[in-house]
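Visitor: The structure follows.
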Amino acid sequence: MSTDFATYKEYLKRTLRWEKCLDKIDAEEAIDELANTGNYQSDAQRNGVSQPLITQRKSSNKCKVIVPRGDQLCIGDWVYVLGENWLCMELYIDEYGVTYGELWMCNHQFKYQNFDKEIIQKWGIIDDGTYSNVMDKSINVTDNSFKCYISRDEQTNCLFVDKRLAIDILYDKNGKPILEVGKITVLDTKTGNYGDGSHLLTFKMKHDVYAPEVDSLAEMLCDYITPTEGRTEEETPKQSHFTIDGKTSLAIGSRRTYKIVFDTPNDDDDLVNRIAWEVKDNTRISLTPNSYECLVEIPLSEDLIGSTFTLACYDGQDDTVRSEYTVEVVAIG
């Protein structure tokens, strides 16, 4: 090989590397320019943490996203964007290092109890074939079963085969409300997970029978165990001498003050400096406690409509002395 040819060959290699570098810079600058368009969603959240995304709706239940430089996205991530809850179902990084993903809109908030009987609520997808590509022969959905998707984490590690989950409220032939129930038949922690950090949980669920003796219609929970069941005698809650007073329903975007009402007058002398407030079942509800009163604020989010949360006040030195109050979130007007 002559010296001139070797020099020319090295020149070509450097030119190709430089052109690839320029292409990557152009791609990154093009993504940065999208931050000035309506596709840039600065209020997006990933797993509950603020992270802007660039979005493009594909259909009523699917959305393409581009991840800005310096940020990450993984298959199985829960994403809140465009006023809706989504799961990241597909992800790839192109030759320029740009991350692209596809989100599927969540259509169900799964509610269940973990092994400690704590109530968990997680957004996920129940797919009867609407989301799935009918040309994909690996997907087999029958009339009596559904394919479901949810983020795999500590809160979903308690799901197991034969666990029963409430889907919706239906009515029997006598007009009485009953739960539509599904039972998990298959758990799949591998299918659909590609790349580092992927944490998608896929499971199949078939219809099951509502059992009013163990299922709670009010709580929308199957095989419901109340927090007091299984306590030792020392752990049994004491009878509280106060209750919570306020509206039983709040509209999205509103705020209301709830207060303690004591069973007998002047029954609050010892509690005045110890009262504490908390909200259960919904971490997006804001509280501003002020001794015997508490300001409750509901976010202006339509996905909260129809949900419920539990407002609780208790003795800060003895949380078994408590009162709880269930509030429903409704639409404006």
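Throughout the sequence shown, residue numbering follows this note's numbering, covering 379 to 711 in sequence.
Even for Gly, the Cβ is constructed at its ideal location relative to N, Cα and C.
Please list, in chain order, all residues of the same chain as Q695 whose beta carbon is under 7 Å from its beta carbon, the five residues on each side excluded.
Guide: Excluding sequence neighbours, Q695 sits near R652.
Visitor: Thinking C-alpha only, which one of P446, C452, E480 and V592 is nearest Y474?
Guide: Among P446, C452, E480 and V592, the Cα nearest to that of Y474 is on P446.
Visitor: With three or more beta-carbon pairs closer than 8 Å as the criterion, would you say the stretch 665 to 676 touches the stretch 633 to 641?
Guide: Flag = yes, the stretch 665 to 676 and the stretch 633 to 641 touch.
Visitor: Along the chain, where does the beta strand (DSSP E) containing Y470 start, and where does it finish?
Guide: It spans E462 to I471 - the beta strand (DSSP E) in which Y470 sits, taken as one unbroken run.
Visitor: Just to confirm, are I333 and L537 a CB contact at a threshold of 8 Å?
Guide: Only positions 379 to 711 of the chain appear in the structure, and residue 333 is not among them; the question remains open.
Visitor: CA-CA distance, G575 and K554?
Guide: Roughly 45 Å between the two C-alpha positions.
Visitor: Can you tell me whether DSSP reads T704 as helix, strand or coil?
Guide: Reduced to three states, the DSSP call for T704 is strand.
Visitor: Under 8 Å, with one C-beta from each stretch per pair, do the stretch 590 to 601 and the stretch 479 to 498 reach the 3-pair mark?
Guide: Cβ pair count under 8 Å is three or more, so yes.
Visitor: Report the rounded CA-to-CA distance for Y478 versus K500, giving the unit in angstroms.
Guide: Their Cα atoms are separated by approximately 24 Å.
Visitor: In this structure, how does DSSP classify D601 when only helix, strand and coil are distinguished?
Guide: Looking at D601 - three-state DSSP - the assignment turns out to be coil, as it is neither helix nor strand.
Visitor: Would you mind working out which of A589, I497, T621 and S510 sits nearest W482, comparing C-alpha positions?
Guide: The option with the nearest alpha carbon to W482 is S510.
Visitor: Nearest-angstrom Cα distance between Y572 and D449?
Guide: Answer to the nearest angstrom: the Cα atoms are 18 Å apart.
Visitor: How big is the Cα-Cα spacing for V705 and W464?
Guide: Rounded to the nearest angstrom, the two C-alpha atoms are 26 Å apart.
Visitor: Can you pull the DSSP bridge partners for S664?
Guide: Looking at the DSSP assignment, S664 forms a beta bridge with E675.
Visitor: Under a three-way DSSP split, which group does D681 fall into?
Guide: Note: D681 maps to helix in three-state DSSP.
Visitor: Under a three-way DSSP split, which group does Q688 fall into?
Guide: Going by the sequence as given, residue 688 is Thr instead of Gln. T688 falls in the strand class under three-state DSSP.
Visitor: For a quick check, are the C-beta atoms of I710 and S679 less than 8 Å apart?
Guide: Not closer than 8 Å, so no.
Visitor: In the structure shown, what three-state DSSP assignment does T385 receive?
Guide: Reduced to three states, the DSSP call for T385 is helix.
Visitor: Would you mind reading off the limits of the beta strand (DSSP E) that contains R530?
Guide: No beta strand (DSSP E) holds R530; DSSP gives it neither H nor E.
Visitor: When the Cα of I528 is compared with those of E496, G507, K582 and N522, which residue comes out closest?
Guide: Among E496, G507, K582 and N522, the Cα nearest to that of I528 belongs to K582.
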